[in-house]
């Protein structure tokens, strides 16, 4: 299952089947919880998972909710870039991930929901391009 939180995959990368199953369950739970909290249309999440981002307020708050549950956003709504960077797994292209994070971290929205969304969208598009399905 694809997820709107690309950075979460970096943070929760697993080595064993059980860890992978646990990670997928955690992602499903975060997704379900954040859909319930934000009332976002799940179709917007699915579209974003494929690089088709809709600048919808509920989708923006879904992104913040998801990142908060993953530990990437403080209680005050600030992105915790040091935490994100620390969670990049050894098997990932760390230099590329850090360069993308540095490109995106200065983005600011009108509120914390929009800021998290803009940073996530930037990271996704720099990682996968505009359409993940074409890779």
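Numbering (mature numbering (1 follows the signal peptide of the UniProt record, and there is no 0)), first residue to last: -18 to -1, 1 to 117.
We put the CB at the ideal spot given by N, CA and C, even for glycine.
Judged by their CB atoms, residue 108 and residue 82 are nearer to each other than the 8 Å cut-off.
Within 10 angstroms of the beta-carbon of residue 42 lie 16 or more other beta-carbons, which makes it buried. Each residue's CA atom was taken as its position, placing residue 20 and residue 75 some 33 Å apart. Runs of the alpha helix (DSSP H) lying entirely within the stretch 14 to 98 and spanning at least 4 residues, in chain order: 24 to 31, 39 to 51, 63 to 68 and 76 to 86. One thing to note: residue 86 has its Cβ no nearer than 8 Å to the Cβ of residue 98.
Contact check for residue 55 and residue 46: beta-carbon distance about 6 Å, within the 8 Å limit, so the pair qualifies.
Inclusion of residue 22 and residue 44 in the CB contact set at 8 Å is warranted, their separation being smaller than that value. When C-alpha distances from residue 15 are compared across 105, 93, 52 and 39, the shortest belongs to 52.
Distance from the Cα of residue 93 is smallest, within the candidate group 64, 40 and 80, for 40.
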